[in-house]
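Residue numbers (the working numbering): 5 to 128. A short write-up of the structure that comes next.
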Amino acid sequence: MKKRNIVFGLIIGLMCIVLALGVQTFAKPCVHDRKLMTLLTVEGGAVAVLAGIGMIRPGLKSPFLAAIGGILAILTPGTLMKICADEMMRCQVYTRPTAVVTGALIVALSLVWFGLELKHREHT
Numbered sequence: 005m006k007k008r009n010i011v012f013g014l015i016i017g018l019m020c021i022v023l024a025l026g027v028q029t030f031a032k033p034c035v036h037d038r039k040l041m042t043l044l045t046v047e048g049g050a051v052a053v054l055a056g057i058g059m060i061r062p063g064l065k066s067p068f069l070a071a072i073g074g075i076l077a078i079l080t081p082g083t084l085m086k087i088c089a090d091e092m093m094r095c096q097v098y099t100r101p102t103a104v105v106t107g108a109l110i111v112a113l114s115l116v117w118f119g120l121e122l123k124h125r126e127h128t
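The structure is reproduced here in C-alpha cells:
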C-alpha cells in the first residue's frame, strides 16, 4: 500500500464520519427532515467505505467515486431534497452548511488524490 493512499483514505474517511455523525448530533435537521438526515448518513458511510477501499486497493476508481459522493453531499440539502424555507431553522443553519463544507473538502481531497494517482500512473 502506498502511504498517500492511506493518508488520503483516512482523511476522507474521517470527514465522512464527521458528516454521518454530524447529521445525527450537532447538525441534526428539523423534525420533519428525517429523510435528509438518513440520506446524508448513508452518503457519508458510502464514501467512507470507498475511501477505505482506496487505501487497500489503490487505483483511480476510489478517489473518483469519493469525489462524486462529495458532490452528492453538497447537492443533497436544498437541491436534491427540499429543506426548510425559513433561514433560521436548523436545516439552514447547521445541516446544510455542514454537508456543503464537508462535501467540498471531500471533493477537493479526492481530486488531489486522483491527480496524484494519475501522475503516478504516467511515471510507471
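The C-beta atom is built at its ideal place from N, Cα and C for all residues, glycine as well.
For residue i, three-class secondary structure by DSSP
i, result
"M19", "helix"
"P81", "strand"
"K32", "coil"
"M92", "coil"
"K86", "coil"
"K65", "helix"
"V6", "What sits at residue 6 in the sequence shown is Lys, not Val. Of the three classes helix, strand and coil, the one that applies to K6 here is coil, per DSSP."
Nearest residue (CA-CA) to residue i, options the options
i, options, result
"Q28", "E121, H127, F118 and A103", "A103"
"I110", "G13, R8 and R38", "G13"
"L1", "A31, E91 and I10", "Outside the shown range of the chain (5 to 128) lies residue 1, about which nothing can therefore be said."
"F30", "R125, P101 and A108", "P101"
"I16", "C34, L122 and F118", "F118"
"K86", "I75, I57 and T99", "T99"
"G106", "T80, K6 and I57", "It should be pointed out that residue 106 corresponds to Thr in this sequence rather than to Gly. Residue T80 is the option with its Cα nearest to T106."
"D90", "E121, L43, K7 and P33", "P33"
Problem set entry | At least 3 beta-carbon pairs within less than 8 Å: the region 45–57 vs the region 12–24 | Yes, the region 45–57 is in contact with the region 12–24.
Exercise. Any chance the region 65–74 sits against the region 107–122, with 3 or more Cβ pairs inside 8 Å?
Worked result: Taking a cut-off of 8 Å on C-beta distances, the region 65–74 touches the region 107–122, as three or more cross pairs fall below it.
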